[in-house]
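Notes to accompany the following structure.
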Amino acid sequence: MAVQQVFPLSCVVQHYAWGKMGSNSEVARLLAGSDPQARISEDKPYAELWMGSHPRGDAKILDNCISQKTLGQWIAENQDCLGSKVKDTFNGKLPFLFKVLSVETALSIQAHPNKELAEKLHLQAPQHYPDANHKPEMAIALTSFQGLCGFRPIEEIVTFLTKVPEFRFLIGDNAATQLKQSMNSDSQSVASALQSCFSHLMKSEKKVVVEQLNLLVKRISQQVAAGNNMEDIYGELLLQLHQQYPGDIGCFAIYFLNLLALKPGEAMFLEANVPHAYLKGDCVECMACSDNTVRAGLTPKFIDVPTLCEMLSYIPSKDRLFLPTRSLEDPYLSIYDPPVPDFTVMRMEVPGSITEYKVLAVDSASIVLVVQGRVTASSPTVQTPIPLQRGGVLFIGANESVSLKLTAPDDLLMFRACCLL
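The structure is reproduced here in structure tokens:
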């Protein structure tokens, strides 16, 4: 008898402090949608849903006919289900971790090392860098989603250096002047001036940072109280971040990094060495399997300033939206295919008027999340069709053809993570 290659999963929730509370959280709502027995605690943050086989959040298999209890165990014993190329390239492991995030307070400003640097850091300081892998990530908004991503165009930073004297004080006149002069120069001069400015900020003395931040907060608060609009220097965001992380160097990073507001379905891709932070909202996220993070602020955790300032990609750019392509063979499918081999995400939006939808067979194991709608899934290796509704998660082995019958008139919205080598 053929091994059953399609089965539902029960996924692990992470209750990090930055998550949205109780049923305000999309993570909690998806959990409640898929499991009517689930009790949501309104006083607990529901930050992340992990869909994958990561040792810190290995999904449980919801099928009594399968002897293995978790996805990680099952894959270890059925490596061919990964797809031949994936199995060989990634040593018999699932190369990605798929997540839902519900963000209430800002996550730390961070960047992830490339493979070469990750190997070096892991050897030097395994307590801070737990593995030797890179960690490219992609976030796709489920609700309106706010984040910081990559360095702003130089002229914007130069404007903030004029409008925000507290910011300029920490950067210093020399570095600020160097940045302004680099505006008409080649990209090498720009990068070096930008690195100099950012390093001056990050290497500022804690006491001085706190003083300048307090001055800025006081100035913005007084102006706002007097009815003046301070949005030209992101007054509201600065006050919000300062309230979340008082005296934190990361509050000033909003003057260096692009502020992105994603609408549902819009995405950002974070390649190695790009500084970023998620500020607020709900998203699906896919990443390479790694926990390597170099932090820059908005955090009580360890900040490795020399590594950070050395590794960052000092390339200013405005356009940080990552656009999906429409599939040529399936009118309901959009594909977010980043320039890394580890993962691809697909968004499937099927109108409720369609009765049956065939999921594209791919030469890779994949994980599907139902965000909206109701279906029953069947495939050649499955004895009884599998019912799925909002919050349902389905594992599909490589090259399996899965057919979904829509069992309610609602439109269907699903996301799928896979590895298209």
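This note's numbering numbers the first residue of the sequence shown as 57 and each following residue consecutively. For each residue, glycine too, the CB sits at the ideal point set by N, CA and C.
- Item | Nearest to Y185 (by Cα), restricted to the options N170, S434, E193 | Closest by C-alpha distance to Y185, out of N170, S434, E193, is N170.
- Query: Can Q342 and V426 be called in contact, C-beta distance under 8 Å?
  - Reply: The sequence shown places Cys at residue 342, rather than the Gln named in the question. No.
- Which value, in whole angstroms, describes the spacing of the CA atoms of A323 and A197? 6 Å
- Task: Tell me whether L475 sits in a helix, a strand or coil according to DSSP, three-state version.
- Result: The sequence as given places Cys at residue 475; Leu does not occur at that position. Here C475 sits in coil by DSSP.
- Task: Pull up the distance between the alpha-carbon of S81 and that of L460, whole angstroms please.
- Result: Going by the C-alpha atoms only, they are around 27 Å apart.
- Nearest to V62 by CA position, among M470, I442, T463, D466, is which residue? I442
- Item | Unbroken beta strand (DSSP E) run spanning C525, endpoints | Coverage of the chain is limited to positions 57 through 477, which leaves residue 525 absent and any answer about it impossible.
- Query: Hey, how far is the Cα of P151 from the Cα of L293?
  - Reply: 36 Å
- Have a look at M258 and C365 and give me their C-alpha separation to the nearest angstrom. 8 Å
- Taking the continuous beta strand (DSSP E) assigned at S390, which residues delimit it? 389-392
- Cβ neighbour criterion (16 or more within 10 Å) applied to A195: buried
- In the DSSP assignment, find the alpha helix (DSSP H) that holds E160 and state where it starts and stops. Looking at the DSSP string, E160 is not in any alpha helix (DSSP H), and its letter there is neither H nor E.
- Query: What are the boundary residues of the alpha helix (DSSP H) that includes M367?
  - Reply: 361-367
- Task: Give the range of the alpha helix (DSSP H) segment to which E327 is assigned.
- Result: Here E327 belongs to no alpha helix (DSSP H), and DSSP marks it neither H nor E.
- Span of the beta strand (DSSP E) around G429: Looking at the DSSP string, G429 is not in any beta strand (DSSP E), and its letter there is neither H nor E.
- Query: When the Cα of D466 is compared with those of A282, R430, I165, which residue comes out closest?
  - Reply: Nearest option by C-alpha distance: R430.
- Message: By the three-class DSSP mapping on this structure, what secondary structure does Q296 have?
- Response: helix
- Message: Within a Cβ cutoff of 7 Å, which residues of the same chain sit near V438, ignoring the five residues on either side of it in sequence?
- Response: Q60, V62
- Report the option in I305, R95, P362, V83 whose CA atom is closest to the CA atom of I227. I305
- Provide the residue span of the alpha helix (DSSP H) that contains I452, from first to last. Where I452 is concerned, there is no enclosing alpha helix (DSSP H), although the beta strand (DSSP E) it sits in stretches over 449-452.
- Any idea which residues DSSP pairs H332 with across the strands? Q166, C205
- Item | Closest residue to C67 among K76, L86, T145, D419 (Cα-Cα distance) | L86
- Which value, in whole angstroms, describes the spacing of the CA atoms of S260 and Y311? 16 Å
- Since A281 is in the alpha helix (DSSP H), which residue starts that stretch and which ends it? Taken as a continuous stretch (DSSP letters only), the alpha helix (DSSP H) holding A281 covers 262-281.
- Anticipated Cβ contact below 8 Å, L153 with I117, distance rounded: Incorrect: roughly 17 Å between the Cβ atoms, too far for contact.
- From Q135 to P302, what distance separates their C-alpha atoms? 48 Å
- CB-CB under 8 Å to T126, same chain, minus the five flanking residues each way: which ones, in chain order? S109, D114, A115, K116, I117
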